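Asker: In UniProt numbering, the protein residues as written are 1 to 219.
Don't be surprised by glycine CBs; every beta carbon is placed ideally from N, CA and C.
Nothing here was measured: the structure is a model prediction, and the numbers come from that model.
Shown below is the structure under consideration.
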């Protein structure tokens with residue numbers, strides 16, 4: 001039975017899952033959920049995920065949501081021993097720490113900036129400043145490591161890369177943070193060229209265009 005991924009093409013967390021799947025050579029059966037049209041609230045989807053969010057993974061009847069939980073599950077099941085999520089306890093704990101930081105601090109501050117635009121309200125400049133402060137902390141950490149969690153590319157890099165590149169696409173300038181820029185170039189090199197363009201850059205720009213469109217409709 002195939003592994004199914006319920007997603008939206010512009011969803012940053014869903015893109016993280018798709019990138020990790022590409023990196024470990026896992027083919028997913030992708031099922032688009034039009035969250036802008038409210039498809040996530042349909043009874044058939046709520047039966048799968050009562051929290052009605054994407055991405056949602058279904059593996060042989062086992063449903064899992066929250067992208068950071070999904071990506072670690074995928075590596076553990078389909079690519080055990082992979083360097084993206086090594087079995088060494090301390091390396092794994094460090095990766096987990098960065099994943100939780102991205103979820104609860106970094107990406108959260110980015111969402112606080114752009115999410116009002118989805119409902120036609122202005123973006124929140126003060127949230128952008130919080131995000132940039134968080135980015136500065138990441139930049140400082142990257143002074144001493146090649147990747148966010150050490151010397152090898154991990155699932156944490158992929159998740160945080162999607163956060164940073166989306167911020168750039170929607171107008172938060174972090175170009176002065178040179179360690180982040182160097183790290184981004186390294187991640188781009190590590191990913192397949194088609195993966196970088198189609199799952200990192202193009203959808204980030206697509207979400208930026210959507211937010212601008214929504215803002216203009218409500219101006």
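Taking C-beta to C-beta, are residue 150 and residue 9 nearer than 9 Å?
Answerer: Translated into the one-based positions of the chain shown, residue 150 becomes position 150. Translated into the one-based positions of the chain shown, residue 9 becomes position 9. Cβ distance not < 9 Å, so residue 150 and residue 9 don't count as in contact.
Asker: Tell me the start and end of each unbroken alpha helix (DSSP H) in the stretch 159 to 194 that is at least 4 residues and wholly inside, in chain order.
Answerer: List check, alpha helix (DSSP H) in window: 178 to 190.
Asker: In the structure shown, what three-state DSSP assignment does residue 56 receive?
Answerer: Counting from one through the chain shown, the residue named residue 56 turns up at place 56. In this structure, residue 56 counts as strand in the three-state DSSP scheme.
Asker: If contacts are defined as beta-carbon pairs under 8 Å, then residue 51 and residue 65 qualify, I think. What distance do you get, rounded to the angstrom?
Answerer: Within the chain shown, numbered from 1, the residue matching residue 51 stands at position 51. Within the chain shown, numbered from 1, the residue matching residue 65 stands at position 65. Confirmed, about 6 Å.
Asker: Report the residue from 61, 166, 57 whose alpha carbon sits nearest the alpha carbon of residue 111.
Answerer: Mapped onto the chain shown, residue 111 falls at position 111. Residue 166 is the option with its Cα nearest to residue 111.
Asker: Do the stretch 89 to 97 and the stretch 170 to 184 touch if we need at least three Cβ pairs shorter than 8 Å?
Answerer: Because the criterion of three Cβ pairs below 8 Å is not met, the stretch 89 to 97 and the stretch 170 to 184 do not touch.
Asker: Can you find the residues in the same chain that come closer than 7 Å, C-beta to C-beta, to residue 188, ignoring five residues on each side of it along the sequence?
Answerer: Here residue 188 is taken as the residue at index 188 of the chain shown, counted from 1. Contacts found: 196.
Asker: From residue 159 to residue 122, what does the alpha carbon distance come to, in whole angstroms?
Answerer: Taking the chain shown and counting its residues from 1, one reaches residue 159 at position 159. Taking the chain shown and counting its residues from 1, one reaches residue 122 at position 122. Each residue's alpha carbon lies about 26 Å from the other.
Asker: State the CB to CB distance for the pair residue 24 and residue 82, rounded to an integer number of angstroms; the pair is presumed to be in contact (CB under 8 Å).
Answerer: Translated into positions along the chain shown, residue 24 becomes position 24. Translated into positions along the chain shown, residue 82 becomes position 82. Confirmed, about 6 Å.
Asker: Per DSSP, residue 28 is paired with what?
Answerer: Against the chain shown, residue 28 aligns to sequence position 28. Bridge partners of residue 28: 3.
Asker: Tell me whether residue 144 is buried or exposed, calling it buried when 16 or more other Cβ atoms sit within 10 Å of its Cβ.
Answerer: For the purposes of this step, residue 144 is taken as the residue at position 144 of the chain shown. Result: exposed.
Asker: Tell me the DSSP bridge mates of residue 63?
Answerer: On the chain shown, residue 63 is found 63 positions in, with the first residue counted as 1. Per DSSP, 58.
Asker: Using alpha carbons as the reference points, say which of 96, 114, 35 lies closest to residue 131.
Answerer: What you label residue 131 is simply residue 131 of the chain shown in a count that begins at 1. For the residues 96, 114, 35, the minimum Cα distance to residue 131 belongs to 114.
Asker: Terminal residues of the continuous alpha helix (DSSP H) containing residue 139?
Answerer: One-based indexing of the chain shown puts residue 139 at position 139. From DSSP, the alpha helix (DSSP H) with residue 139 extends over 125 to 141.
Asker: Near residue 193, which residues of its chain fall below 8 Å by C-beta distance, leaving aside the five closest residues on each side in sequence?
Answerer: Sequence index remark: in the chain shown, residue 193 carries index 193 (1-based). None.
Asker: With distances taken from CA atoms, which of 109, 124, 68 is nearest residue 98?
Answerer: Counting from one through the chain shown, the residue named residue 98 turns up at place 98. The shortest Cα separation from residue 98 among 109, 124, 68 belongs to 68.
Asker: Helix, strand or coil for residue 104, going by three-state DSSP, please let me know.
Answerer: Position 104 of the chain shown, counted from the first residue, corresponds to residue 104. Helix.
Asker: If we ignore side chains and look at the alpha-carbon of each, how far apart do residue 127 and residue 12 end up?
Answerer: The residue given as residue 127 occupies position 127 in the chain shown. The residue given as residue 12 occupies position 12 in the chain shown. Cα to Cα, residue 127 sits roughly 18 Å from residue 12.
Asker: Does the separation of the CB atoms of residue 57 and residue 4 fall below 9 Å?
Answerer: One-based indexing of the chain shown puts residue 57 at position 57. One-based indexing of the chain shown puts residue 4 at position 4. Yes, they are a contact pair.
Asker: Whole-angstrom Cβ separation of residue 42 and residue 28, contact assumed at under 8 Å?
Answerer: For the purposes of this step, residue 42 is taken as residue 42 along the chain shown, with counting starting at 1. For the purposes of this step, residue 28 is taken as residue 28 along the chain shown, with counting starting at 1. Contact flag wrong, Cβ pair sits at about 21 Å.
Asker: Since residue 174 and residue 135 should fall inside the 8 Å C-beta cutoff, what is the C-beta to C-beta distance between them, to a whole number of angstroms?
Answerer: Counting from one through the chain shown, the residue named residue 174 turns up at place 174. Counting from one through the chain shown, the residue named residue 135 turns up at place 135. Their Cβ separation, rounded to whole angstroms, is 5 Å, which keeps residue 174 and residue 135 in contact under 8 Å.
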